[in-house]
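Numbering (the working numbering), first residue to last: 135 to 274. Here a beta-carbon is modelled for each residue, glycine too, at the ideal position from N, C-alpha and C. Everything numeric in this text was worked out from a predicted model, so none of it was measured. Step one of this worksheet: look at the structure below.
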Amino acid sequence: KKLRIIDTPGFGDTRGIDQDDLNMEGIFSFLHNINYLNGICLLFKPEVVQLNLYWQSCLIQLFDYFGENIVNNFIFCFTNARSTFFAQGNTRPLLKKLFESFPRKNIPFEKNNTFCFDSKAFRYLVAIRDSITFDLNKRH
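Following this line, the structure appears as structure tokens:
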């Protein structure tokens, strides 16, 4: 089987909402040639204090482009989750509140489409494999 992962620019570009709109146009232009989309991974950090308007704007654009049924293909990924003991942290209630503001309020955001992970352990194992040595006083 073949798995195609398309990494796109994140939402909330430091250059402003106009750049976010350009990024979304580029994403949609590329996706126009894709026949089928199995899933859309939305990456969040678990300890977000506030979701900005960029997220709302970009999610609305996703709905407009793909139709409301695209929400059934959402996969929620929480990176850097070690800090919250692999939980969704403060971000979950913020997302729930954001989703309630959308016309379609039944966006699946459940255990079966939500994943928490952290890459620090993986990076450490890769470093060990590559014979990188660590000062034992600094290793945690």
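Residue i, DSSP secondary structure in three states
i	result
Leu-259	helix
Leu-193	helix
Leu-276	For the chain, the structure presents residues 135 to 274; residue 276 sits outside this window and is missing.
Ile-204	helix
Between the CA atoms of residue j and residue i - distance to the nearest angstrom
i	j	result
Leu-156	Phe-268	43 Å
Gln-195	Met-158	8 Å
Gly-223	Phe-251	13 Å
Thr-213	Gly-201	27 Å
Leu-259	Ser-217	19 Å
Gln-153	Gly-160	10 Å
Asn-167	Phe-197	18 Å
Pro-237	Thr-148	28 Å
Ser-191	Ser-265	45 Å
Lys-231	Ile-140	28 Å
Thr-142	Ile-174	11 Å
Tyr-170	Arg-257	33 Å
Close Cβ partners of residue i (< 8 Å) along its chain, the five nearest in sequence each way excluded
i	result
Ala-261	Phe-268
Ile-241	Val-205, Phe-208, Phe-233
Val-182	Gly-223, Asn-224, Thr-225, Leu-228
Ile-151	Leu-187, Tyr-188, Ser-191
Asn-172	Asn-207
Ser-235	Gln-190
Close beta carbons around residue i, own chain, < 6 Å, minus the five adjacent residues each side
i	result
Gly-146	Asn-186, Tyr-188
Gly-144	none
Thr-248	Phe-210
Supposed contact pair residue j and residue i - C-beta distance, whole angstroms, cut 8 Å
i	j	result
Leu-176	Phe-220	Leu-176 to Phe-220, Cβ: 17 Å. No contact.
Thr-225	Lys-254	Wrong, their Cβ atoms sit about 19 Å apart, outside the cutoff.
Tyr-199	Phe-162	5 Å
Spatial neighbours of residue i in its chain, beta-carbon cut-off 7 Å, leaving aside the 5 residues before and after
i	result
Lys-136	none
Lys-245	none
Inside the region 209-245 only - alpha helix (DSSP H) runs reaching at least 4 residues: 225-234
Could I get the ranges of all uninterrupted beta strand (DSSP E) runs contained in the region 143-172, with 3 residues as the minimum, in chain order? none
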